[in-house]
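See structure below.
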Amino acid sequence: MKKLVVIFVSVTFNFTAQKQYQTAYDNLDSIEFYFVQALDAYRKQTYPRIPALIISDTLSKAADHHTRYLLNMLPKDEMTGIIGHGEKQESFGLTYHGFDTMIDDPGDRASYYDPLNLFSIYGEVVHTRGTYEDVFKFISQKKMAEQLLQSFLKSSGHKEILDITAYTHIGISVVRSKVQTKLYICVLPGVLESSKYLKPGSIFPFYYGNKLQDITQ
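Each position in the sequence shown, counted from 1, maps to that position plus 62 in our numbering.
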């Protein structure tokens with residue numbers, strides 16, 4: 063009986079610790095879920111043993127902060143939008159109509175939702191795609207996610223960020239504007255920096271190994 067109690071306590075502790083920095087998507091039939099699946103498959107083409115990405119609730123909140131900003135950055139006609147990494151009250155003739163605190167730098171947005179400074183981010187990739195009201199009657203969430211990833215990979219700057227081997231966690235947000243008939247997607251790759259979760263000399267969490275050869279063989 064004592065042994066069972068010890069095992070139960072250990073499992074509960076690990077679950078609680080992990081919940082600080084990771085989450086599983088409840089909706090598996092979503093662009094976010096399929097995008098991460100597609101990105102994992104893309105990374106494994108070059109690095110067969112690279113770990114599957116962990117969807118971070120913290121980094122996803124930072125990504126969602128920016129997609130909400132893009133969604134609410136509108137001109138008077140409310141039909142066209144803006145795409146970019148900064149957040150300002152006015153830009154290119156558009157005015158922000160939302161209620162979030164504007165945070166101009168992607169790294170600062172990650173810090174805003176990560177007060178314990180567990181994460182370091184490797185950049186931010188942002189994209190917009192025109193759509194229409196009944197688009198998902200003709201194209202699946204999975205296919206849309208794959209198309210969005212390919213759009214990122216066709217951009218040298220975006221591809222350079224997504225090709226980094228060091229990130230282990232991902233923040234992702236996809237929002238849809240019915241007024242503008244657009245999708246906005248923001249992806250935020252990152253890694254845990256807290257020594258509590260890192261193996262000495264490693265850029266990966268302790269359960270991932272610590273050498274480049276670990277992910278290429």
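Backbone N, C-alpha and C fix where the C-beta goes; we use that ideal spot for every residue, glycine too.
Cut-off 8 Å between Cβ atoms - residues of its own chain near residue i, not counting five sequence neighbours on either side
| i | result |
| --- | --- |
| D61 | As shown, the chain starts at 63 and ends at 279. That puts residue 61 outside it, with no answer to give. |
| E152 | Y158 |
| K106 | I112 |
Contacts around residue i, its chain only, beta-carbon distance under 7 Å, and the 5 residues preceding and following it disregarded
| i | result |
| --- | --- |
| C134 | It should be noted that the sequence gives Asn, not Cys, for residue 134. Only Y158, H159 and G160 meet the Cβ criterion. |
| S217 | none |
| D126 | S235 |
| V98 | L115, I117, I232 and I234 |
Helix, strand or coil at residue i [DSSP, three-state]
| i | result |
| --- | --- |
| T243 | coil |
| G233 | strand |
| L121 | helix |
| H220 | helix |
| T190 | strand |
| R130 | helix |
| S257 | Legend: pLDDT at S257 = 43, less than 50; position of this residue unreliable, no value from coordinates given. |
| R238 | strand |
| L136 | strand |
| G252 | strand |
| I116 | strand |
| E152 | strand |
Chain B within 8 Å of residue i, Cβ atoms only
| i | result |
| --- | --- |
| P168 | Looking at the structure shown, chain B is missing, and only one protein chain is on hand. |
N-terminal and C-terminal residue of the alpha helix (DSSP H) that residue i is part of
| i | result |
| --- | --- |
| F181 | Unbroken run through F181 is the beta strand (DSSP E), F181 to I183; no alpha helix (DSSP H). |
| G169 | P168 to Y174 |
| F214 | Q203 to L215 |
Element boundaries [beta strand (DSSP E), containing residue i]
| i | result |
| --- | --- |
| T108 | Premise fails: T108 lies in the alpha helix (DSSP H), I93 to T108, not in any beta strand (DSSP E). |
| Y158 | L156 to Y158 |
Residue i vs residue j beta-carbon contact at 8 Å
| i | j | result |
| --- | --- | --- |
| P168 | L156 | no |
| G252 | F154 | no |
| A172 | L250 | yes |
| R191 | L211 | no |
Same chain only: Cβ atoms within 6 Å of residue i, ignoring 5 sequence neighbours per side
| i | result |
| --- | --- |
| Q82 | For Q82, the predicted model reports a pLDDT of 34, less than 50, meaning its position is unreliable; a value from the coordinates is still stated below. So the list is empty, once near-sequence residues are dropped. |
| K221 | L215 |
| L204 | Just to set this straight, residue 204 is Lys in the shown sequence, not Leu. Contacts found: Y96. |
| E255 | S182 |
| Y175 | T120, K123 and A124 |
heavy atom of the ligand NAD below 7 Å from residue i C-beta
| i | result |
| --- | --- |
| T190 | Absence of the ligand NAD from the depicted structure is noted, as is the absence of any ligand whatsoever, leaving it without description. |
Flag this pair as touching only if the segment 107-122 and the segment 230-237 have three or more C-beta atom pairs under 8 Å; answer yes or no. Cβ pair count under 8 Å is three or more, so yes.
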